[in-house]
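Visitor: Chains as they are written, first to last, in this note's numbering: chain A, 1 to 158; chain B, 159 to 569.
The beta carbon of each residue, even a glycine, is placed where N, CA and C say it ideally should be.
Model, not experiment: these values are computed from the prediction.
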Ligand SMILES: Cc1ncc(COP(=O)(O)O)c(C=O)c1O
């Protein structure tokens with residue numbers, strides 16, 4: 001194999017955005033000031049994530065996380081933290097539902113049009129639907145975030 | 159190592175219909191045989207032929223179909239006995255897999271023969287199926303569970319193993335013959351000698367070893383040996399527990415039901431003789447017939463030839479993978495079979511497996527049902543390539559080239 005090798009066959013799931021956020025996550029930090037935190041655990045593959053959330057008035061003002069796992073789960077956690085920032089809790093929950101649908105099926109017909117721009121940002125992860133064993137990697141950080149919103153310590157697995 | 163002239167991998171590949179399948183337009187490179195092996199045509203045909211021409215429930219009909227089917231099923235026992243050099247069919251208990259065989263041991267030998275306060279020794283490189291049944295026994299029956307550690311090279315620490323017997327409490331050693339993660343083969347004869355010198359019996363989990371070498375239970379001098387048919391090119395749903403007859407006779411039944419009794423009244427039932435005492439209900443009849451075909455198939459090829467082929471593949475794979483920057487092979491046992499676990503810097507093993515899969519290469523990634531062993535090596539997971547009789551040198555080259563691409567993709 002030469003360095004000029006083209007990686008087209010590897011890119012459908014691992015798009016540049018995912019590789020980039022997987023390699024250099026922007027929000028991978030334990031917040032020193034936070035209002036809620038929860039963990040997510042995927043015992044099947046050993047992925048583990050913890051999220052810390054700071055609330056504003058009715059909003060998620062900031063999310064930080066620590067993830068131990070594959071590029072998909074780290075990138076998903078990072079894109080999630082970026083996307084939900086400054087959104088209302090209700091919109092955050094709606095985004096979770098949309099994202100979960102997208103990760104499972106690749107599409108999201110019932111998605112809220114108001115959230116189009118946010119969903120667009122999460123779309124690179126939709127390719128995971130072709131890999132049933134990897135869907136959980138992408139949704140795990142979201143489960144932890146929703147657990148934190150619910151005041152739970154631990155995400156219940158699907 | 160050179161291959162014996164009789165072993166022709168290209169001819170063997172023609173025996174496995176599935177190997178002609180394409181994955182996303184690419185040739186299937188199947189390097190996950192340690193999880194479950196592919197099936198040769200003779201196994202598929204034997205099961206289909208039984209269903210089409212000669213099938214009925216066994217041990218209970220007085221008609222021709224039942225008698226013929228019973229005979230075929232019992233011949234599978236003979237084949238399993240011959241495979242392991244056991245003394246005969248009465249020592250071969252059919253189970254559904256290794257897991258059930260080990261649970262049978264924990265139940266019937268652990269609860270039925272062992273005494274409260276005795277200890278069971280396992281090793282630090284067991285599959286969960288040879289850990290959890292003993293934990294259940296520990297918690298329900300007051301049996302202590304001891305773990306013989308593994309060295310950094312991934313070998314059984316024999317000094318530490320021997321030290322576990324010092325207080326004379328060990329009644330049973332239940333230990334893997336070959337690790338499904340590291341490929342390490344334990345020095346089985348020494349394991350047995352030390353255990354016997356201290357009055358303990360030995361059960362091997364031979365799920366992996368049975369595939370890779372000639373297992374001779376009399377030469378090993380062990381007391382029990384468990385394995386599973388689907389890894390030996392046979393069907394799923396059938397496994398074997400071999401035990402010394404006098405020990406099997408002392409053990410109470412595992413499950414109750416039809417086939418395992420001699421007579422039943424409401425006051426009391428009496429048990430069938432071994433091995434039937436341990437086989438309640440209609441067994442995996444077709445799977446037994448398929449297993450016999452698989453055993454006949456590997457016996458015809460010969461374990462010496464298969465082992466030589468695998469040793470050459472393993473040597474080639476260790477050399478190729480060892481040359482790739484950023485690849486770390488986990489476990490460096492001297493005596494090993496065709497299973498190699500590795501990690502890649504900068505890429506998680508799940509990403510490695512998915513990106514290899516994109517190239518048509520099937521490997522396994524995760525903790526391989528051996529979480530305590532992963533922890534021992536400070537790992538969450540590894541990728542694992544494992545070989546079968548149909549694996550070729552070219553497939554190993556494909557794995558190495560594929561890994562180089564994955565590494566470049568991630569940097
Ligand atoms: C060493 C070892 N023990 C036990 C098992 C369990 O085998 P089965 O799932 O067929 O019961 C396996 C296979 O997964 C194995 O590799």
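Report yes if the C-beta of residue 517 of chain B is less than 7 Å from at least one heavy atom of ligand 1; otherwise report no.
Guide: no
Visitor: If you check the beta carbons only, do residue 144 of chain A and residue 54 of chain A fall under 8 Å apart?
Guide: no
Visitor: Can you grab the Cα-Cα spacing for the pair residue 117 of chain A / residue 96 of chain A, in whole Å?
Guide: Answer to the nearest angstrom: the Cα atoms are 14 Å apart.
Visitor: Using Cβ-Cβ distances below 7 Å, what residues of the region 178-189 of chain B are close to chain A?
Guide: none
Visitor: With distances taken Cα to Cα, identify the nearest neighbour of residue 51 of chain A among A/45, A/71, A/76 and A/57.
Guide: For the residues A/45, A/71, A/76 and A/57, the minimum Cα distance to residue 51 of chain A belongs to A/76.
Visitor: List the residues of chain A that residue 265 of chain B touches, going by C-beta distances under 7 Å, in chain order.
Guide: Within chain A, no residue comes near residue 265 of chain B; the closest Cβ sits about 26 Å away, beyond 7 Å.
Visitor: Cβ of residue 475 of chain B within 8 Å of Cβ of residue 338 of chain B?
Guide: no
Visitor: Go ahead and label residue 282 of chain B buried or exposed: buried means 16 or more other beta carbons lie within 10 angstroms of its beta carbon, across all protein chains shown.
Guide: buried
Visitor: Indicate, with yes or no, if ligand 1 has a heavy atom lying under 7 Å from the CB of residue 354 of chain B.
Guide: No - ligand 1 has no heavy atom lying nearer than 7 Å to the Cβ of residue 354 of chain B.
Visitor: At a threshold of 7 Å, does residue 261 of chain B count as lining ligand 1 (C-beta to nearest heavy atom)?
Guide: no
Visitor: Going by C-alpha to C-alpha distance, which of A/8, A/13 and A/9 sits closest to residue 132 of chain A?
Guide: A/13
Visitor: So does residue 527 of chain B have its beta carbon nearer than 7 Å to some heavy atom of ligand 1?
Guide: yes
Visitor: Quick check: the Cα distance between residue 401 of chain B and residue 335 of chain B, rounded to an integer number of angstroms?
Guide: 15 Å
Visitor: May I ask you to report which of helix, strand or coil DSSP gives residue 42 of chain A?
Guide: strand
Visitor: Compare the C-alpha of residue 365 of chain B against each of B/415, B/358, B/564 and B/392 and name the closest.
Guide: B/392
Visitor: For the beta strand (DSSP E) containing residue 361 of chain B, list its first residue and its last residue.
Guide: 359-363
Visitor: Establish whether the CB of residue 472 of chain B and some CB of chain A are separated by less than 8 Å.
Guide: No, its Cβ sits nowhere closer than 8 Å to a Cβ of chain A.
Visitor: Rounded to the nearest angstrom, what separates residue 559 of chain B and residue 83 of chain A at their Cα positions?
Guide: 37 Å
Visitor: Can you find a heavy atom of ligand 1 that lies under 7 Å from the Cβ of residue 363 of chain B?
Guide: Yes.
Visitor: Could you name the residues of chain B that residue 160 of chain A contacts, counting a contact when the two beta carbons are closer than 8 Å?
Guide: With chain A represented from 1 up to 158, any question about residue 160 of chain A goes unanswered, as that position is not in the structure.
Visitor: I believe residue 58 of chain A touches residue 92 of chain A by the beta-carbon criterion, under 8 Å. Please report the beta-carbon distance rounded to the nearest angstrom.
Guide: Going by Cβ atoms, the distance from residue 58 of chain A to residue 92 of chain A rounds to 11 Å, so no, they are not a contact pair.
Visitor: Taking C-alpha atoms, which residue in A/68, A/69, A/7 and A/63 lies nearest to residue 79 of chain A?
Guide: A/63
Visitor: Let me check you understand the geometry: is the CB of residue 27 of chain A closer than 7 Å to at least one non-hydrogen atom of ligand 1?
Guide: no
Visitor: Measure the alpha-carbon distance for residue 17 of chain A versus residue 112 of chain A and round it to whole angstroms.
Guide: 23 Å
Visitor: Using a Cβ-based criterion (distance less than 7 Å to any ligand heavy atom), does residue 388 of chain B qualify as near ligand 1?
Guide: yes
Visitor: Going by the CB atoms, is the gap between residue 239 of chain B and residue 250 of chain B shorter than 8 Å?
Guide: yes
Visitor: CB-CB under 8 Å to residue 94 of chain A, same chain, minus the five flanking residues each way: which ones, in chain order?
Guide: 112 and 115
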